[in-house]
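Those protein sequence lines, which keep their order, are chains A and B. If you read the first sequence in the numbering used here, its first letter stands for residue 73, the second for the next number, and so on. If you read the second sequence in the numbering used here, its first letter stands for residue 73, the second for the next number, and so on.
2 protein chains.
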Amino acid sequence: MMKPLTSKQQEIFDFILDCIKNENYTPTMREIAEQFGFKSVNSVNDHLTAIERKGYVSRRHGASRGIVVSDEFFDGTDSEDEPGIPILGKTAAGAPITAIENVEGRLELSELYGEEHFALRVEGQSMIDAGIWDGDYVIVRQQPRVENGQIAVAVVDGEATVKRINLKGGEVELIPENENYRPILVDLSVSEFYIAGKVVGVHRVIRS
Amino acid sequence: MMKPLTSKQQEIFDFILDCIKNENYTPTMREIAEQFGFKSVNSVNDHLTAIERKGYVSRRHGASRGIVVSDEFFDGTDSEDEPGIPILGKTAAGAPITAIENVEGRLELSELYGEEHFALRVEGQSMIDAGIWDGDYVIVRQQPRVENGQIAVAVVDGEATVKRINLKGGEVELIPENENYRPILVDLSVSEFYIAGKVVGVHRVIRS
DNA sequence: TTGAATACTGTACAGATTTACAGTATAGTT
DNA sequence: AACTATACTGTAAATCTGTACAGTATTCAA
Numbered sequence: 073m074m075k076p077l078t079s080k081q082q083e084i085f086d087f088i089l090d091c092i093k094n095e096n097y098t099p100t101m102r103e104i105a106e107q108f109g110f111k112s113v114n115s116v117n118d119h120l121t122a123i124e125r126k127g128y129v130s131r132r133h134g135a136s137r138g139i140v141v142s143d144e145f146f147d148g149t150d151s152e153d154e155p156g157i158p159i160l161g162k163t164a165a166g167a168p169i170t171a172i173e174n175v176e177g178r179l180e181l182s183e184l185y186g187e188e189h190f191a192l193r194v195e196g197q198s199m200i201d202a203g204i205w206d207g208d209y210v211i212v213r214q215q216p217r218v219e220n221g222q223i224a225v226a227v228v229d230g231e232a233t234v235k236r237i238n239l240k241g242g243e244v245e246l247i248p249e250n251e252n253y254r255p256i257l258v259d260l261s262v263s264e265f266y267i268a269g270k271v272v273g274v275h276r277v278i279r280s
Numbered sequence: 073m074m075k076p077l078t079s080k081q082q083e084i085f086d087f088i089l090d091c092i093k094n095e096n097y098t099p100t101m102r103e104i105a106e107q108f109g110f111k112s113v114n115s116v117n118d119h120l121t122a123i124e125r126k127g128y129v130s131r132r133h134g135a136s137r138g139i140v141v142s143d144e145f146f147d148g149t150d151s152e153d154e155p156g157i158p159i160l161g162k163t164a165a166g167a168p169i170t171a172i173e174n175v176e177g178r179l180e181l182s183e184l185y186g187e188e189h190f191a192l193r194v195e196g197q198s199m200i201d202a203g204i205w206d207g208d209y210v211i212v213r214q215q216p217r218v219e220n221g222q223i224a225v226a227v228v229d230g231e232a233t234v235k236r237i238n239l240k241g242g243e244v245e246l247i248p249e250n251e252n253y254r255p256i257l258v259d260l261s262v263s264e265f266y267i268a269g270k271v272v273g274v275h276r277v278i279r280s
């Protein structure tokens, strides 16, 4: 646990946090002195020395506006908390499943997938044997080509569908993953066709 | 539209953005000069004057580290962008799938699910008919009870498993979703049993 | 009652920093 | 050919800034 600040020190520390948050710059000691009506900069220096000793800030020696607020006081403003939801590992026998020791990592779509990804809601049953159900979101990495046999979002005449791709000569075969469906053949000289991207993830929200 | 920066001006502007983003402070003109090998600070001043004239920054007169980057250039650093990856809707005929107009919303686990959720990696094939595959992450909302027939994470004698739950009297039936597997019966008077939470989502990362 | 922490004033100075002014040179526009 | 913008060097003054040192006063714990 960190040593508590006195009320005056807290005021000054809060002012520094406010400056960074609202004005986007660290104040100088003279600016702090002016704010609090101190007639001497050394008043600020004394307070900062105490605040620093207690671990709330550090200072870049010699640098102007060199007060550096410790990481743990940036809530959401700058050093973002760990993103996403915790991935729990195997629980040791008897240990509560929520034990922090068991956190293997964190799951977050924007961390897992980068800038070039988008999500698309799947309609229909044509890919259920590939584990992609009606209503699922597929995560798609934008790329113009995929290897034969890979699952991709294909756009045929402006219509987007998720299918397994098999390109051969002047034709593309869009293969569903459901025994009740037949592959679709697209003639590249007739239809406008392109690959929007490769399906790299599936997400399903379970209701009920 | 804003006047474009020259490549040199852009470099300097980018460096300032980097400083703010990574080091958390605005550089002084001397720090910029040192970074770019300028022998005169006035080189920096000239560039800044140009960058300011074009509207990318303003300057607090007389203040050290007084460069103020214009609001519209804080991407993610301060004024947080929308979280998550874009969910694209139906594309209008012929419209490019990446058109911003078609963004229906954004998908992000920490937004979709709240604090009381965690993820768990599934091992085994026992739930494949429920669309939960080996290696998938299930998203679990922590709660001590579920309705019969719902899928949950059950902890039996410290061992966590994902199954459909059927509680009846002094027994719990853990029902797999795979015809090759048989339901497991847990005697509550013999085994330590509790529900870790309800499975409310599934996420699969597709490799290959 | 001695000491340490807090909470200030006041002064001073070295070095950091902005800003200004005087140049040089090149490239593109009018 | 004159003008403007870009892209620098060099110098120097004005002011900003952190840091140090010398005090004063109060409070609280040992």
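Built from N, CA and C at the ideal position, the CB exists for glycine as well.
Quick check: residue i and residue j, are their CB atoms within less than 8 Å of each other?
i	j	result
residue 137/A	residue 100/A	yes
residue 142/A	residue 129/A	yes
residue 273/A	residue 189/B	no
residue 266/B	residue 98/A	no
residue 194/A	residue 184/B	no
residue 202/A	residue 249/A	yes
residue 122/B	residue 81/B	yes
residue 113/B	residue 131/B	no
Taking the beta strand (DSSP E) that residue i falls in, what are its first and last residues?
i	result
residue 214/A	209 to 214
residue 68/A	Outside the displayed range of chain A (73 to 280) lies residue 68/A, so it cannot be described from this structure.
residue 270/A	265 to 277
residue 243/B	243 to 247
residue 139/A	139 to 141
residue 87/B	Run containing residue 87/B: none in the beta strand (DSSP E); it sits in the alpha helix (DSSP H), 79 to 90.
residue 130/A	129 to 131
residue 225/A	223 to 228
What whole-angstrom Cβ distance do residue i and residue j have, given they're in contact under 8 Å?
i	j	result
residue 119/B	residue 88/B	No, residue 119/B and residue 88/B are not in contact; Cβ-Cβ is about 10 Å, not under 8 Å.
residue 232/B	residue 210/B	Contact flag wrong, Cβ pair sits at about 10 Å.
residue 243/A	residue 259/A	6 Å
residue 180/A	residue 181/B	6 Å
residue 270/A	residue 215/A	6 Å
residue 197/B	residue 206/B	6 Å
residue 268/A	residue 212/A	6 Å
residue 223/A	residue 236/A	5 Å
residue 178/A	residue 204/A	With a Cβ gap of about 25 Å, residue 178/A and residue 204/A do not count as contacting.
residue 199/B	residue 234/B	6 Å
Please report whether the beta-carbon of residue i lies at a distance below 8 Å from any beta-carbon of chain B.
i	result
residue 181/A	yes
residue 275/A	yes
residue 76/A	no
residue 196/A	no
residue 260/A	no
residue 248/A	no
residue 263/A	no
residue 241/A	no
residue 237/A	no
residue 278/A	yes
Does any residue of chain A have a CB that is nearer than 8 Å to the CB of residue i?
i	result
residue 190/B	yes
residue 136/B	yes
residue 98/B	yes
residue 257/B	no
residue 281/B	Any answer about residue 281/B is impossible in this case: the structure gives chain B only from 73 up to 280.
residue 167/B	Because residue 167/B carries a pLDDT of 44, less than 50, the predicted location of this residue cannot be relied on, and no value is offered for it.
residue 207/B	no
residue 244/B	no
residue 193/B	yes
residue 272/B	yes
residue 84/B	no
residue 184/B	yes
residue 88/B	no
residue 159/B	yes
residue 150/B	In this predicted model, residue 150/B has a pLDDT of only 40, less than 50, meaning its place in the structure is not dependable; the value taken from the coordinates is given anyway. Yes - at least one Cβ of chain A is within 8 Å of the one on residue 150/B.
Kindly indicate the opening and closing residues of the alpha helix (DSSP H) around residue i.
i	result
residue 102/A	101 to 108
residue 262/B	Unbroken run through residue 262/B: none, as it is neither H nor E.
residue 122/A	113 to 125
residue 183/A	181 to 184
>> Against chain B, which members of the stretch 102 to 132 of chain A pass a CB distance test of less than 7 Å?
In response: none
> In the stretch 211 to 225 of chain B, which residues sit with their C-beta less than 8 Å from some C-beta in chain A, listed in chain order?
Replying inline: 211, 214, 222, 223 and 225
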